[in-house]
Structures are given as C-alpha cells and as structure tokens.
Ligand code: NDP
C-alpha cells in the first residue's frame, strides 16, 4: 500500500507503542486519528508536534476503546480510513483466583472487545475504498501464556484467533488483517517491575534487552507496507525469546 494521502487510526496513541506508531506513520505522510483513554494533554501535544514537523493532519480524541458507544462516537467523525491499528491495551498482574470480575471485564473489553468495536465501523469504510489494512497489537503471551497474567494472555490469544478469522473473511475484499505480537517492549506497561525483576527478564531474552517502541512501530509500518498476499499472520518480534 502506498503511504501518501492515506489515513490511519491508532488507538492508545498517548504513550508507548501507539505513540511511536503515530510518529512513524506521520513521518511516512499519513493523516491520522489518534485516541487514548484519558491522557488528553499528551495527545494534544503530540498533535502539535506531528502537524508542525510533518505537515500532516492529526485529529485526536479521548475514546474508551472498550466502550462501544465511545467507539461509535469516534467513528461518527471519520468518513474515510485506510489503516486501523488496534493498539490500546492494558495488562493485569496477579493470581487469577484473586482477580475481580470487573478487572477481568476491563482487560477483555480493552484488549479484545475493542478490536470488534473498531473493525465493525472500519470495515464499511474500507469496503468503500476497495482496500484496507488492519493491524492488531498482540503479545507473545497470547501464544505461550504467562503465569499471573492469565486474563491478559487469554485476551491476546483471542486477538490472535480474531486476526486469523477476520483475515479469511476480508481477504476477498482486499482488506488484509495481521497481528504484530511483541515480547517485552520498553513502555509504561513494564514499569511495575523492579530493577532485579527486569534483569531476570532480560537475561532470559537472547537479544539481552527489551525491544524499543521505535522498533515496534517500524514493524507495524512494515506490515502495513507488506504485499497484499500477507494476511492472517501473527508476526512475532521478541528478541528471540519464545
Ligand atoms: P502503555 O501502557 O505504554 O500505553 C497504553 C496506551 O493505551 C495508552 O495510550 C493508553 O491511554 C491507552 N489505553 C489504555 N486503555 C485504553 C482504553 N480503554 N481506551 C483507549 N486507550 C486506552 O502500553 P504499551 O505501549 O506497552 O502497549 C500497547 C499495546 O502493545 C497493548 O495492546 C499491549 O498489550 C501491547 N503489548 C505491549 C508489550 C510491552 O511489553 N509493552 C508487549 C506485547 C504487547 P492513556 O494514556 O489515556 O492511559
């Protein structure tokens, strides 16, 4: 897919991987819609940065990706779309028997339901254009599972299945659906670890370090630029970890 004059929607763009994706796509010339849950000031500053530096159009709004009414409101202002990046996500660390029902619902709605809510609105826009790209941001835990992260692992495993199935449904319409599945990326999501825990973690990773947000964003942009025959894939980037 050519980058020029294309429009991308990135959920969860105020920080981490979503923020890096916004910068990478702006540099590539994309106009964009960016959302997050509550970091309004960060999104406004990012809009100013990207519009000034890359002369693209950037519209930002607060939108709970796990709330279908919020997502419908977001899409009421979008009339054309080429690329959808389902990035918004949260982790939950703890024993499953101690997890509250509301925490379970929050993980599932933010990480999984959000993908359904956005594609429901994005697909008609992509069908109208005769093309489209959907990238879901997943995790290696969705394939291997992680102790103390059962809900998170389940949500990302479901994102992987969602990706494969939707790709089959949309391939005849020239809309490609893939997932970028990451190992440990250096973002706020991993700030809860102590220095010692982080060292243990990175010692297990053959590359000997966490991935950077910029590396993650490069993969996402490359997936969007990949040949149309690449669809239904879960592309893993984890420093050789899993
Ligand atoms: P961060 O915690 O750094 O950022 C999360 C982003 O998602 C923020 O912009 C946040 O907005 C937004 N967000 C959270 N909840 C919602 C919601 N309900 N609606 C809309 N936006 C929301 O996360 P990462 O950058 O680390 O993670 C991004 C994605 O990558 C997630 O899907 C995550 O599961 C996945 N991932 C991350 C890995 C890692 O090691 N970091 C590894 C594998 C996958 P706000 O600022 O308003 O809170």
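Numbering (our numbering), first residue to last: 6 to 247. All residues carry an ideal CB built from backbone N, CA and C; glycine is no exception.
Taking just the CA atoms, how far does residue 243 sit from residue 146? Counted from its first residue, the chain shown places residue 146 at position 141. Counted from its first residue, the chain shown places residue 243 at position 238. If you take the alpha carbons of residue 146 and residue 243, they lie about 11 Å apart.
Nearest residue (CA-CA) to residue 61, options 67, 70, 51: Along the chain shown, one-based indexing puts residue 61 at 56. Ranking the options by Cα distance to residue 61, first place goes to 51.
Endpoints, alpha helix (DSSP H) assigned at residue 176: Along the chain shown, read from residue 1 onward, the residue named residue 176 stands at position 171. No alpha helix (DSSP H) holds residue 176; DSSP gives it neither H nor E.
With 16 other Cβ atoms within 10 Å as the buried cut-off, status of residue 107: Residue 107 sits at position 102 when you count from the first residue of the chain shown. Residue 107 should be labelled exposed.
Using the Cβ count rule (16 or more neighbours within 10 Å means buried), how would you classify residue 78? Mapped onto the chain shown, residue 78 falls at position 73. Answer is exposed; the Cβ neighbour count stays below 16.
Nearest to residue 49 by alpha carbon, out of 214, 33, 109, 27? Position 44 of the chain shown, counted from the start, is the residue given in the question as residue 49. If we check each option's Cα against that of residue 49, 27 comes out closest.
Validate contact between the region 96-111 and the region 120-130 using beta carbons, cut 8 Å, 3 pairs: no
Run through DSSP, which three-state label would residue 218 get? By one-based count along the chain shown, residue 218 stands at place 213. Of the three classes helix, strand and coil, the one that applies to residue 218 here is helix, per DSSP.
With respect to 6 Å, is the separation between the Cβ of residue 237 and the closest non-hydrogen atom of ligand 3 below this value? The model depicted lacks ligand 3 and carries ligand 1 instead.
Is the region 196-206 in contact with the region 175-188, if contact means three or more CB pairs nearer than 8 Å? no
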